[in-house]
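K.L.:
Numbering (our numbering), first residue to last: 319 to 814. All residues carry an ideal CB built from backbone N, CA and C; glycine is no exception. Every value quoted in this text rests on a predicted model; they were computed, and no experiment measured them. Provided herewith is a single structure, encoded as structure tokens, for subsequent inquiry.
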Amino acid sequence: MRSLSDYDVVVVGAGNAACCAALAASEQGARVLVLERAPEEQSGGNSRFTAGAIRFAYDGVDDLVALMPDLTQSELDRTEFGSYTEEQFYEDMGRVTDYRTNPELANFLVSQSKDTVMWMRHHGVRFAPIWGRQAFQVDGKFTFWGGLTVETWGGGEGLVDALHDALERNSVDLSYNTAARHLLFDGTRVTGVHARRPGETVDISADSVVLAAGGFQANTEWRTRYLGPGWDLAKVRGTRFNTGDGIRMALDIGAMPYGNWSGAHAVAWEYNAPEFGDLAVGDAFQKHSYPFGIVINNNGARFIDEGADFRNYTYAKYGREILAQPEHSAWQVFDAKVDHLLRDEYRIKQVTKVQADTLEELCSRMDGVNTASAIETITQYNAAVDTGINFDPNIKDGRRTRGLHIDKTNWANTIDQPPFQAYNVTCGLTFTFGGLRINEEGRVLDTALEPLPGLFAAGELVGGLFYGNYPGGTGLMAGAVFGRLAGTTAGQCGTN
Numbered sequence: 319m320r321s322l323s324d325y326d327v328v329v330v331g332a333g334n335a336a337c338c339a340a341l342a343a344s345e346q347g348a349r350v351l352v353l354e355r356a357p358e359e360q361s362g363g364n365s366r367f368t369a370g371a372i373r374f375a376y377d378g379v380d381d382l383v384a385l386m387p388d389l390t391q392s393e394l395d396r397t398e399f400g401s402y403t404e405e406q407f408y409e410d411m412g413r414v415t416d417y418r419t420n421p422e423l424a425n426f427l428v429s430q431s432k433d434t435v436m437w438m439r440h441h442g443v444r445f446a447p448i449w450g451r452q453a454f455q456v457d458g459k460f461t462f463w464g465g466l467t468v469e470t471w472g473g474g475e476g477l478v479d480a481l482h483d484a485l486e487r488n489s490v491d492l493s494y495n496t497a498a499r500h501l502l503f504d505g506t507r508v509t510g511v512h513a514r515r516p517g518e519t520v521d522i523s524a525d526s527v528v529l530a531a532g533g534f535q536a537n538t539e540w541r542t543r544y545l546g547p548g549w550d551l552a553k554v555r556g557t558r559f560n561t562g563d564g565i566r567m568a569l570d571i572g573a574m575p576y577g578n579w580s581g582a583h584a585v586a587w588e589y590n591a592p593e594f595g596d597l598a599v600g601d602a603f604q605k606h607s608y609p610f611g612i613v614i615n616n617n618g619a620r621f622i623d624e625g626a627d628f629r630n631y632t633y634a635k636y637g638r639e640i641l642a643q644p645e646h647s648a649w650q651v652f653d654a655k656v657d658h659l660l661r662d663e664y665r666i667k668q669v670t671k672v673q674a675d676t677l678e679e680l681c682s683r684m685d686g687v688n689t690a691s692a693i694e695t696i697t698q699y700n701a702a703v704d705t706g707i708n709f710d711p712n713i714k715d716g717r718r719t720r721g722l723h724i725d726k727t728n729w730a731n732t733i734d735q736p737p738f739q740a741y742n743v744t745c746g747l748t749f750t751f752g753g754l755r756i757n758e759e760g761r762v763l764d765t766a767l768e769p770l771p772g773l774f775a776a777g778e779l780v781g782g783l784f785y786g787n788y789p790g791g792t793g794l795m796a797g798a799v800f801g802r803l804a805g806t807t808a809g810q811c812g813t814n
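Okay, here's the thing in structure tokens:
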């Protein structure tokens, strides 16, 4: 490794966004150092914990073959990939955020998405269709739905390993167990970072610094302060190292906070999961097949429309709804008709599950739930299902209930075929939506909306993209797109 003063660009963080920034800076001829707070085996931030889904715009199967040239003809013949245009992606960004997303940021994300995944492939990241999670087989053919078709090979761990290999190939230095604590700032521009590593603190000079150290979801005090009461009790899906340090460092020198600071990506998560993510289990604590059943709280009542939209457009907001329930607990209830549609995450051994041959017995086994009320809720739900509409998991089928306090608007199957099963879930917090404001070059802006010279940002700590919800797979895509942007600009500054 070079002397710690011999770098043009320092990148804080070592996940997807950070690595893309470092690679892009290196392409500009910059000498780049990546600082990773975690030890090597836990490195990569939230990216290592993700399942690897990545959303991008594509016009048809030819674009997918270009990205995944190892697809076989038989795989192509048995799969309906469809298309997902830039217009559809942009509309999804608006629709799921109640049109609060920053239009310039969203447009850049969408327009650069396809080119960026191809650029990632050039750097050794491999991709594969998400057959197991985003496509159902009907009449012998898989049909993709919800605009989300591709995942990184090997999930989050495969993504991080591929990116770290790319750093090494491109002579980018990576320092583990090195926590950036403060920005070096002369009152006019950022000149480096002050960091702590085992046994010493160091000042690292650089022409540019890229902050890509994630959100503040692992900081109990911050998430309670900004997200609100009860969020101290949420489970953190990913790394324990994302405590908002990158955001804090920028705010300390006058950066503009931006975005949905009271919002976060939060999902249905195994009730008895540990406080932070477990790499041995990965993303399998999630429970995302709720559109094919019903969800009830400890009072025995439904509280969401489980079929409001495809899973990947609702899952990131329903964790907040679960957190608001009594004891921050809910149960997902299914019958035998949909068992084959349940994702693999329902079949792991680390799961809180009950099963029974009668609904009465099932409800009595659901710990903490009002049995009589739960039975009444399921009975009323069954009676309200419009069974004259055919069930089709690949489309929003309109098979719904009518007359309930909260109707289910798609995929409403009666729960009447044993064995019945229920899974206990709570809120799993993925990442926070509030962060820093950047411009079209990836530069961090100050409170006067002027660029802070020498400072850039990418990844979860960029505010303004997501409000209340997000389209599944957009987090990795945004990290890569804005990481590449920030790194390119930072690298140009560092070599001029």
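Pick out whichever of 489, 330 and 369 has its Cα sitting closest to the Cα of residue 356.
P.N.:
If we check each option's Cα against that of residue 356, 330 comes out closest.
K.L.:
Within its chain, find whatever has a CB closer than 7 Å to the CB of residue 442; leave out the 5 residues flanking it on each side and keep chain order.
P.N.:
Closer than 7 Å at the Cβ level, and outside the excluded window around residue 442, lie 480, 483 and 484.
K.L.:
Quick one: Cα of residue 641 to Cα of residue 807, how far?
P.N.:
Rounded to the nearest angstrom, the two C-alpha atoms are 40 Å apart.
K.L.:
By the three-class DSSP mapping on this structure, what secondary structure does residue 810 have?
P.N.:
Three-state DSSP puts residue 810 in a helix.
K.L.:
Could you name the residues of the same chain whose beta carbon sits closer than 6 Å to that of residue 319, not counting the 5 residues immediately before and after it, in chain order?
P.N.:
Residue confidence for residue 319 is low, a pLDDT of 46 falling below 50, so the modelled location carries little weight; the figure read from the coordinates is stated next. 491, listed in sequence order.
K.L.:
Between the C-alpha atoms of residue 610 and residue 524, what's the straight-line distance to the nearest angstrom?
P.N.:
One C-alpha to the other measures close to 53 Å.
K.L.:
Closer than 6 Å by C-beta to residue 719: which residues in its own chain qualify, once you throw out the five before and the five after it? Chain order, please.
P.N.:
Cβ within range, chain order: 702, 703, 725, 726 and 730.
K.L.:
Within a Cβ cutoff of 7 Å, which residues of the same chain sit near residue 644, ignoring the five residues on either side of it in sequence?
P.N.:
Closer than 7 Å at the Cβ level, and outside the excluded window around residue 644, lie 615, 616 and 617.
K.L.:
Grab me the residues of residue 339's own chain with a C-beta within less than 6 Å of its C-beta, minus the 5 sequence neighbours each way, in chain order.
P.N.:
Result list for residue 339: 329, 528, 530, 776, 801, 804 and 805, in chain order.
K.L.:
Mapping DSSP to helix, strand and coil, what is residue 320?
P.N.:
Its pLDDT being 48, under 50, residue 320 is placed unreliably by the model, and the measurement read from it follows with that caveat. Coil.
K.L.:
Based on DSSP bridge pairs, tell me the residues matched to residue 469.
P.N.:
In DSSP, residue 469 forms a bridge with 371 and 446.
K.L.:
Would you mind reading off the limits of the alpha helix (DSSP H) that contains residue 404?
P.N.:
It spans 404–414 - the alpha helix (DSSP H) in which residue 404 sits, taken as one unbroken run.
K.L.:
Apply the 10 Å Cβ neighbour rule to residue 417 and answer buried if 16 or more other Cβ atoms are within range, or exposed otherwise.
P.N.:
Residue 417 comes out exposed.
K.L.:
Please identify the residue among 758, 653 and 766 whose C-alpha is closest to the C-alpha of residue 427.
P.N.:
It is 758.
K.L.:
Please determine, among 366, 433, 464 and 386, the residue with the shortest C-alpha to C-alpha distance to residue 409.
P.N.:
With distances taken between Cα atoms, residue 409 lies closest to 464.
K.L.:
Below 7 Å between beta carbons: does that hold for residue 594 and residue 656?
P.N.:
No.
K.L.:
Measuring alpha carbon to alpha carbon, tell me which residue in 411, 436, 397 and 423 is nearest residue 386.
P.N.:
The option with the nearest alpha carbon to residue 386 is 436.
K.L.:
Please state whether DSSP places residue 494 in a helix, a strand or coil.
P.N.:
In this structure, residue 494 counts as coil in the three-state DSSP scheme.
K.L.:
With distances taken Cα to Cα, identify the nearest neighbour of residue 474 among 779, 370, 462 and 506.
P.N.:
Checking every option, the nearest Cα to that of residue 474 belongs to 370.
K.L.:
Going by Cα to Cα distance, which pick from 716, 582 and 648 is closest to residue 788?
P.N.:
When each option's Cα is compared against that of residue 788, the closest is 582.
K.L.:
Quick one: measure Cβ to Cβ for residue 742 and residue 589, integer angstroms, because I've assumed they're closer than 8 Å.
P.N.:
Yes, residue 742 and residue 589 are in contact; Cβ-Cβ is about 4 Å, under 8 Å.
K.L.:
Please classify residue 706 as buried or exposed, where buried requires at least 16 neighbouring CB atoms within 10 angstroms.
P.N.:
Flag for residue 706 reads exposed.
K.L.:
Quickly, what does DSSP pair residue 459 with across the bridge? List them, please.
P.N.:
According to DSSP, residue 459 bridges with 456.
K.L.:
Per the DSSP calculation, residue 329 is bridged to which residue(s)?
P.N.:
Beta-bridge pairing links residue 329 to 352 and 528.
K.L.:
Given residue 584, which residues of its chain have a CB within under 6 Å of its CB, disregarding the five upstream and five downstream residues?
P.N.:
The answer, listed in chain order, is 637, 638, 745 and 747.
K.L.:
With a cut-off of 8 Å, do at least 3 Cβ pairs link the stretch 381–399 to the stretch 760–772?
P.N.:
Contact between the stretch 381–399 and the stretch 760–772 is absent, because fewer than three Cβ pairs lie under 8 Å.
K.L.:
Go ahead and label residue 625 buried or exposed: buried means 16 or more other beta carbons lie within 10 angstroms of its beta carbon, across all protein chains shown.
P.N.:
It counts as buried.
K.L.:
Could you spell out where the beta strand (DSSP E) holding residue 612 opens and where it closes?
P.N.:
Note, residue 612: beta strand (DSSP E), 612–615.
K.L.:
Which same chain residues, not among the five before or five after residue 790, have their C-beta less than 8 Å away from its C-beta?
P.N.:
Cβ within range, chain order: 371, 373, 464, 466, 629, 630, 631, 633 and 634.
K.L.:
Rounded to a whole number of angstroms, what is the C-alpha to C-alpha distance between residue 364 and residue 653?
P.N.:
Spanning the two alpha carbons is a distance of roughly 34 Å.
K.L.:
Could you compute how far the alpha carbon of residue 302 sits from the alpha carbon of residue 598?
P.N.:
No statement about residue 302 is possible, as the shown extent of the chain runs from 319 to 814 and does not include it.
K.L.:
Name the DSSP beta bridge partners of residue 583, please?
P.N.:
Answer is 749, bridged to residue 583.
K.L.:
Which of the three DSSP states, helix, strand or coil, is assigned to residue 742?
P.N.:
Strand.
K.L.:
Could you work out which residue in 536, 550 and 535 is closest to residue 542 when comparing CA atoms only?
P.N.:
With distances taken between Cα atoms, residue 542 lies closest to 550.
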